[in-house]
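**Student:**
Protein chains in written order, with the UniProt record's numbering: chain A, 1 to 226; chain B, 1 to 230.
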């Protein structure tokens, strides 16, 4: 997933890059002017543009091509005004952009919910929050290396191995009730194992899954009770 | 019942351990992320039940089941529903899909407990540690642990212990039926040996204490099957 962040304020650029570091599978490119945005869009395939409404003091609502654009502003009234001008409010972000904002954008892009359902863990725990925390910690410890292995095997193009690795991650996802992700991973595992899936198609389907897997980490970190 | 958990995933082990805590007749005594370490443990400790995952790197649950002799009761816990038939070929007690729900877990362990209780009722001698033999009109108690081997002597059977020999008017067949099969094995028409007393086996003979006992060709495979070999 590639994001073009159009912002002339260096502080906001830095803050945004810092947030994106938490979701390793997303790359971010920066443009500081309307002109630079146009140039970059012509040569790169961005999935999303997030852009400030006022660039170098000038208001500009230009949206190049068919790329989804999110508008940012530090002023609530400005955003409210835009909302009245038939721009869907989900594409309007009040600065400073938060991790939750980015997560929402990413979820819109992947179309995979990463909200956990703790009913299975609660059944085991019987109110033992320490046990619940312990399981979350194990998840946070183990999932990064599993994601890394999946990415490596996908690059090698070994579908059988990929199916095995996807299968290995499924139990965890089921345990934490990431139902949407379980659904997507199961289907890809099945197709990778049984169907003659082109590796390019497989990688295309894998990309939002990888992003969502990273997202599960962020979601679970906030659910830990300290 | 003493149980162990074999699973390469920490989350699965923690969940099973938690589930064991909910059942008063279960005691989880060890967990392993690697079946090979569990084999070493089983060679040293007496365990009633194993919770076993199938997909593990290097050494799978099925590799484990193929390698262990006298395996305890096994409940397969896996996220793969494709191996049920294969698993039951190994005579496992149950096959549960992960994540394991509490009701399903309790059903599985209750089944194991009930089967064990039923087996003990049907084989009242199976937990006995001794046998009484008739020597000169006297019933003499012999602990299984003290018996080295038995040898047919015409209408009699001679029982060899480290201290002495007992001559009993009986047949080898009668002893073969009476003795617990997990401890004793018939290695020859005229010999039954205590498996725990075997020092070594070479070609067609067994060394027990300082005695050499012949193994018949027809009994050799059965003997080797019963031994815990690598």
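Each residue gets a CB set at the ideal place from its N, CA and C atoms; glycine is no exception.
All values derive from a computational prediction rather than experimental measurement.
Is there a Cβ of chain B sitting closer than 8 Å to that of residue 18 of chain A, yes or no?
**Tutor:** Translated into positions along the first chain, residue 18 of chain A becomes position 18. By this cut-off, residue 18 of chain A is not an interface position.
**Student:** Does DSSP put residue 163 of chain B in a helix, in a strand, or in coil?
**Tutor:** For the purposes of this step, residue 163 of chain B is taken as residue 163 along the second chain, with counting starting at 1. Coil.
**Student:** What does residue 171 of chain A reach in chain B if we use C-beta pairs closer than 8 Å?
**Tutor:** Translated into the one-based positions of the first chain, residue 171 of chain A becomes position 171. By Cβ distance, chain B contributes 9, 11, 12, 79, 98, 99.
**Student:** Return the residues of the segment 95-123 of chain A that lie within a Cβ-Cβ distance of less than 7 Å from chain B, sorted by chain order.
**Tutor:** Those would be 120, 123, in chain order.
**Student:** Please tell me whether residue 161 of chain B has its Cβ less than 8 Å away from any Cβ of chain A.
**Tutor:** As a position in the second chain, residue 161 of chain B is number 161, starting the count at 1. Output row for residue 161 of chain B: interface = no.
**Student:** Using a cut-off of 7 Å between C-beta atoms, extract the partners of residue 138 of chain A located in chain B.
**Tutor:** Here residue 138 of chain A corresponds to residue number 138 of the first chain, with the count starting at 1. What residue 138 of chain A touches in chain B: 10, 11, 14.
**Student:** Three Cβ pairs or more, each shorter than 8 Å: is that satisfied between the segment 190-210 of chain B and the segment 137-151 of chain B?
**Tutor:** Touching, per the Cβ criterion.
**Student:** Using a cut-off of 7 Å between C-beta atoms, extract the partners of residue 19 of chain B located in chain A.
**Tutor:** Numbered from its first residue, the second chain carries residue 19 of chain B at position 19. Going along chain A in sequence order, the residues near residue 19 of chain B (Cβ under 7 Å) are 124.
**Student:** If you count every other CB in all the chains shown that lies within 10 Å of the CB of residue 141 of chain A, and 16 or more means buried, which is it?
**Tutor:** Taking the first chain and counting its residues from 1, the one referred to as residue 141 of chain A is at position 141. Exposed: under 16 other Cβ atoms inside 10 Å.
**Student:** Between residue 7 of chain A and residue 52 of chain A, how many whole angstroms is the CB-CB distance? I'm expecting something under 8 Å.
**Tutor:** In the first chain, residue 7 of chain A corresponds to position 7, counting from 1. In the first chain, residue 52 of chain A corresponds to position 52, counting from 1. Going by Cβ atoms, the distance from residue 7 of chain A to residue 52 of chain A rounds to 5 Å, so yes, they are a contact pair.
**Student:** Quick check on the burial criterion: 16 or more other C-beta atoms within 10 angstroms. Buried or exposed for residue 166 of chain A?
**Tutor:** Locating residue 166 of chain A in the first chain gives position 166, where the first residue counts as 1. Residue 166 of chain A is buried by the Cβ-count criterion.
**Student:** Looking only at DSSP bridge pairs, what is residue 146 of chain A linked to?
**Tutor:** What you label residue 146 of chain A is simply residue 146 of the first chain in a count that begins at 1. Residue 146 of chain A is not bridged to any residue.
**Student:** Would residue 38 of chain A and residue 68 of chain A be called neighbours here (beta carbons separated by less than 8 Å)?
**Tutor:** In the first chain, counting from the first residue as 1, residue 38 of chain A sits at position 38. In the first chain, counting from the first residue as 1, residue 68 of chain A sits at position 68. Going by C-beta atoms, residue 38 of chain A is not nearer than 8 Å to residue 68 of chain A.
**Student:** Please list, in chain order, all residues of the same chain as residue 113 of chain A whose beta carbon is under 6 Å from its beta carbon, the five residues on each side excluded.
**Tutor:** As a first step, residue 113 of chain A must be located in the first chain, where it is residue number 113. Excluding sequence neighbours, residue 113 of chain A sits near 180.
**Student:** Would you check whether the ligand GDP has a heavy atom nearer than 7 Å to the C-beta of residue 213 of chain A?
**Tutor:** In the structure shown, the ligand GDP is absent, as is every other ligand, since no ligand is present at all.
**Student:** Just to confirm, is the Cβ distance from residue 6 of chain B to residue 29 of chain B under 8 Å?
**Tutor:** In the second chain, the residue the question calls residue 6 of chain B occupies position 6. In the second chain, the residue the question calls residue 29 of chain B occupies position 29. No, the Cβ-Cβ distance between residue 6 of chain B and residue 29 of chain B is not below 8 Å.
**Student:** Taking a cut of 9 Å between CB atoms, which residues from the segment 169-184 of chain B lie near chain A?
**Tutor:** Here the close residues number zero.
**Student:** Work out the CA separation of residue 81 of chain A and residue 211 of chain A for me, nearest whole Å.
**Tutor:** The residue given as residue 211 of chain A occupies position 211 in the first chain. The residue given as residue 81 of chain A occupies position 81 in the first chain. Distance between the alpha carbons of residue 211 of chain A and residue 81 of chain A: 33 Å.
**Student:** Counting C-beta neighbours from all protein chains within 10 Å, is the total for residue 192 of chain A 16 or more, i.e. buried, or is it exposed?
**Tutor:** As a first step, residue 192 of chain A is located in the first chain; it is residue number 192 there, counting from the start. Its Cβ being crowded by 16 or more others within 10 Å, residue 192 of chain A is buried.
**Student:** So is residue 163 of chain A buried or exposed if we call it buried at 16+ other beta carbons inside 10 Å?
**Tutor:** Looking up residue 163 of chain A in the first chain gives position 163. Counting Cβ neighbours within 10 Å, residue 163 of chain A comes out buried, since at least 16 surround it.
**Student:** For residue 217 of chain B, collect the residues of the same chain with a Cβ closer than 8 Å to its Cβ; drop the 5 residues on either side in sequence, then sort them by chain order.
**Tutor:** Your numbering for residue 217 of chain B matches position 217 in the second chain. So the list reads 204, once near-sequence residues are dropped.
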